[in-house]
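Here is the structure we will look at, set down as structure tokens.
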Amino acid sequence: MLKWLDFPAWLPENASTFGEGVDKLFVLIYWITAVVFIAVMAVLIGFMIKYRFKEGRKADYIEGSTTLEITWTAATTVIVFGLAMLSLPQWNKIKVPSQFPSSPDDVLVRVHAKQFNWDMTYPGPDGKLGTTDDLTLENHLHVPVNKVVHVELTSEDVIHSFFVPQMRLKQDALPGRTINVWFEATKTGKYEIPCAELCGFGHSAMLGYLNVHTDDDYAKWVEEAWQ
Amino acid sequence: MNDHANESHDHHHEESFVSKYIFSLDHKMIGKQFLIYGLIMFMVGGGLALLFRWQLAWPDKPLPMIGVSQEYLDEGEAVSEADRRWERWGEDDEENWFERTMYGGIIGPEFYNALFTMHATIMVFFVVVPLLVGAFGNFLIPLMIGTRDMAFPVLNMLSFWTSVLGAVILMAGFFVPGGHAAAGWTGYAPLSSVPDFTGVIWGQNLWCMALIVMGVSSLMGSINYITTVINMRAPGMTYFRLPLVIWSLFIVAILLLLAFPVVASALALLLFDRMAGTSFFLAEGGGEPLLWQHLFWFFGHPEVYILILPGMGLASEMISVFSRKPIFGYKSMVFAMISIAFLSWVVWGHHMFQSGMNPQLSMAFMTTTMLIAVPSAIKTFNWLGTLFRGSIQFTVPMLHTLAFVSMFVIGGLSGIFMANSPVDIHIHDTYYIVAHIHYVVFGGSVFALFGAVFYWFPKMFGRHMNAALGKIHFWISFIAFNGVFFPMHIIGVAGHRRRIHNPLDTDLAHLQGINEFITMCAFILGAAQIILLVNVFWSMFKGRVAEQNPWHANTLEWHAPTPVPHGNFDQIPRVYHGPYEYSVPGAETDWIPQTQSDGEPSRDEPIAAGATAD
Ligand code: HEM
Ligand SMILES: [Cu+2]
Ligand SMILES: [Cu+2]
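Protein chains in written order, with our numbering: chain A, 1 to 227; chain B, 1001 to 1614.
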């Protein structure tokens, strides 16, 4: 049961570059909230025991304390503001396109969501999407490890959500729009890409796979795919 | 203000059954009607949850009792009565939605989606609002501010019957071809706006209409509450002498008044998209799917505070009475609620961090959302301060109030994780959020509500609820509640998505034991509510007869005779001080009713010591 209190232990393995930053924030908030929770509960239970009704004892007439009000208002404001400021760079790094890393080595894919599959389109040798050498695979995303992968996310019909728990990445795909996200995997392996936004009766089973290859394996896959 | 002070209770003409119990204009009867209505809908909504909880714990297994037997699945041989029933049903040609989507009592994905959609819709719009705002708003506002009735009694009656109409429209959705709405209680377009995407036709339309009708009912109620609180307070009842629960209901009424038109417009646009071929939410037609989310959450976030603020108010009353102490920091409590009300208009984007809205906006929404944690923290600290050096009586309402405080703390703290947009990337749309909403709405509002039912029951029905049953119900509910919802945090962190029909579709087999545990606790939690129902309905007729002021409370409703007559007060009371004058040094009793001026004794009958012991 104690294991149930240790939230961070339940996070799926992290396999992306920015995932570590997300997890650190998670752990930080976990500890702040845990301390607050334990303190509040200790006070609550302590008061419940100490000030329980006893024959002949009267409650004290206390209407409040301005000093205390100001103190706890200020303290909580500082903590939550601090948290917001601390997490801002992390957010910008993951989600704000102008801050995305970019280099000629980067990999580009288009992920097109539709009820109830992910179409993964690779640009092929010319490196451009929308040309004749594009290749589309259903539900399988192949990427090299330690390379930045840019994803152009679109949707055919309803809203879906591209979720890769091990990359700490989630982004809704909207019909009529292209949304750019990125990630860089740090570990090879096969990871699930479930759909995280209710999209109809097949939502639960809408599932793709992210295959993160070593450089060699990736080269081999490219060769086979475009031979 | 009190110009009809003398006339009202004089004409005691016999009322017919219909005008007394059905189309009653009396705020107390309307409050009781809302109470019964809300409790019935609570059972319906809870029952739906138990159905889908079964599927989550034992995916694709037939439901117990309703479903076919395992032998039938394996051998095709009908052995039980249920087997034969499903077999007979299957022979009918006519397209039956239940038969298609839960054949043999196995919950299929379409039915599953309708179940959780309706569970949440019912709980939010047809349970918590009618109970907290409808029942307690109606019952308490005129009594606690010291007036004879609401400003607009007819509007009040219409508000109740409109909400009944809403419930009827909503329930009809289960019986139309294509089945009920299945796009979640948040109804995200275009899933909700294009029938082909879900296969649901009239179900979703009825869902829209039912919510619009409910909105109209809430508008009528809120106009009434606002007018009544502003204009009809008893002499001496200044704003800063109002009990906190009245403040909370007053603020909620303002929020409702401003929020419902927004969602009503959104729902109307959705209906146009569905029925008139417009494309407000459809990209191909030049529309915008995110428009729905902006409108929905612009309403939706104030709505969640509509769900919790009255709970906070009710809890504040009870915590003060049963600590025998003034509420700690009365004014700061009021200002905290007012700032929550203001802030709740500027945080809606925290539901949309991952939605594809401009990511730069997250900064603003993260900050405002973090800020709204501050007044919530202030309230919590003030409740603790109220206990400090009190004389705490662990009555049934107080147990619920203390549960409210601690569960609300958990819900508030889990909110901080999600307010943090980078962390929200991972936990958004997982069970983490399911845990969160239930800690605030069930652990918070519903526990406060249970306590309040127990606390005001003597005034409502002239009889006490049974304390032993109350304690049993409390402890089972409290433990089972935590058994259901606490583990949802960790499966959410582990990546268990919400709104999925079968957890085993993805690699979550290691969490399945927890899912089973949750479901077993949910069945216990559901069963425990039967105790509450029995207690309510039994006590209404057979409970111990209540004194006028059994809890030795100060507020005006306890000054009114029990049972409260038509017109509430023999004479409109005059108010001399605030509502929380408990344990004033030098006073004879440890409570001083708001009606008691210095020197002049209270009109309350002295009550034997120990009368509060239950
Ligand atoms: C027997 C007690 C209850 C159980 C077992 C239960 C269980 C659940 C579960 C498992 C879900 C998620 C369904 C899914 O996404 O697949 C859910 C959603 C929800 N529940 Fe409950 N629930 C209970 C009581 C309540 C109460 C009392 C309320 C409100 C006052 C409530 C409000 C909601 C809401 C609003 C949602 C949907 C949230 C959203 O979609 O954003 N539930 N419930
Ligand atoms: Cu999907
Ligand atoms: Cu919100």
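For glycine and all other residues, C-beta sits at the position ideal for the given N, C-alpha and C.
Please check if any C-beta of chain B sits within less than 8 Å of the C-beta of residue i.
i	result
residue 103 of chain A	no
residue 222 of chain A	no
residue 229 of chain A	Nothing can be reported for residue 229 of chain A: it is not among the residues displayed for chain A, which extend from 1 to 227.
residue 72 of chain A	yes
residue 48 of chain A	yes
residue 69 of chain A	yes
residue 156 of chain A	no
residue 38 of chain A	no
residue 182 of chain A	no
residue 131 of chain A	no
Using DSSP with H/G/I as helix, E/B as strand and the rest coil, what is residue i?
i	result
residue 1505 of chain B	helix
residue 1536 of chain B	helix
residue 1001 of chain B	At residue 1001 of chain B, the pLDDT of 41 sits below 50, so the modelled position is not reliable and the matter cannot be decided from this model.
residue 1053 of chain B	helix
residue 120 of chain A	strand
residue 189 of chain A	strand
residue 77 of chain A	helix
residue 1347 of chain B	coil
residue 1601 of chain B	With a pLDDT of 49 at residue 1601 of chain B, under the threshold of 50, the predicted position of this residue should be treated as unreliable, and no value is reported.
residue 1542 of chain B	helix
residue 1020 of chain B	helix
residue 1061 of chain B	coil
residue 213 of chain A	strand
residue 154 of chain A	strand
residue 208 of chain A	strand
Hey, residue i and residue j: beta-carbon distance below 8 Å or not?
i	j	result
residue 1496 of chain B	residue 1431 of chain B	yes
residue 1313 of chain B	residue 59 of chain A	no
residue 38 of chain A	residue 83 of chain A	no
residue 1129 of chain B	residue 1162 of chain B	no
residue 1281 of chain B	residue 1291 of chain B	yes
residue 148 of chain A	residue 106 of chain A	yes
residue 1458 of chain B	residue 1553 of chain B	no
residue 139 of chain A	residue 118 of chain A	yes
residue 1402 of chain B	residue 48 of chain A	yes
residue 1181 of chain B	residue 1117 of chain B	yes
residue 1140 of chain B	residue 1229 of chain B	no
residue 134 of chain A	residue 127 of chain A	no
residue 941 of chain B	residue 1054 of chain B	For residue 941 of chain B there is no data in the structure shown, the boundaries of chain B being 1001 and 1614.
Interface residues of chain C around residue i at Cβ under 8 Å?
i	result
residue 1506 of chain B	Among the chains of the structure shown, chain C does not appear; the protein chains present are A and B.
Just checking: is the beta-carbon of residue i within a distance shorter than 8 Å of some beta-carbon in chain A?
i	result
residue 1290 of chain B	yes
residue 1273 of chain B	no
residue 1263 of chain B	no
residue 1460 of chain B	no
residue 1102 of chain B	no
residue 1015 of chain B	no
residue 1576 of chain B	no
residue 1257 of chain B	no
residue 1554 of chain B	no
residue 1329 of chain B	yes
residue 1239 of chain B	no
With residue i and residue j assumed to form a contact (beta carbons below 8 Å), what rounded beta-carbon distance in angstroms separates them?
i	j	result
residue 69 of chain A	residue 1329 of chain B	5 Å
residue 1378 of chain B	residue 1336 of chain B	5 Å
residue 1488 of chain B	residue 1447 of chain B	With 8 Å as the limit, residue 1488 of chain B and residue 1447 of chain B do not qualify as a contact, their Cβ atoms being about 17 Å apart.
residue 1472 of chain B	residue 1531 of chain B	6 Å
residue 195 of chain A	residue 158 of chain A	At roughly 10 Å, the Cβ-Cβ gap does not stay under 8 Å, so residue 195 of chain A and residue 158 of chain A are not in contact.
residue 1105 of chain B	residue 1164 of chain B	Not a contact, Cβ separation roughly 31 Å.
residue 1353 of chain B	residue 1428 of chain B	7 Å
residue 1493 of chain B	residue 11 of chain A	6 Å
residue 1263 of chain B	residue 1295 of chain B	7 Å
residue 1535 of chain B	residue 1470 of chain B	6 Å
residue 170 of chain A	residue 1426 of chain B	7 Å
Taking only heavy atoms of ligand 5 into account, decide whether any of them is closer than 7 Å to the Cβ of residue i.
i	result
residue 1301 of chain B	By its list of ligands, the structure shown excludes ligand 5, since it contains just ligand 1, ligand 2 and ligand 3.
| task | Return the chain-ordered ranges of every alpha helix (DSSP H) run that is complete within the segment 1091-1140 of chain B and spans a minimum of 4 residues. | result | 1097-1101 and 1109-1121
| request: Go through the segment 1544-1596 of chain B residue by residue and report every complete run of the alpha helix (DSSP H) that reaches 4 residues or more, in order. | output: none
| Segments of 3+ residues assigned as beta strand (DSSP E) that fall wholly inside the segment 1204-1278 of chain B | none
| said: In chain order, what are the residue ranges of uninterrupted beta strand (DSSP E) at least 3 long that sit wholly in the segment 20-46 of chain A? | reply: none
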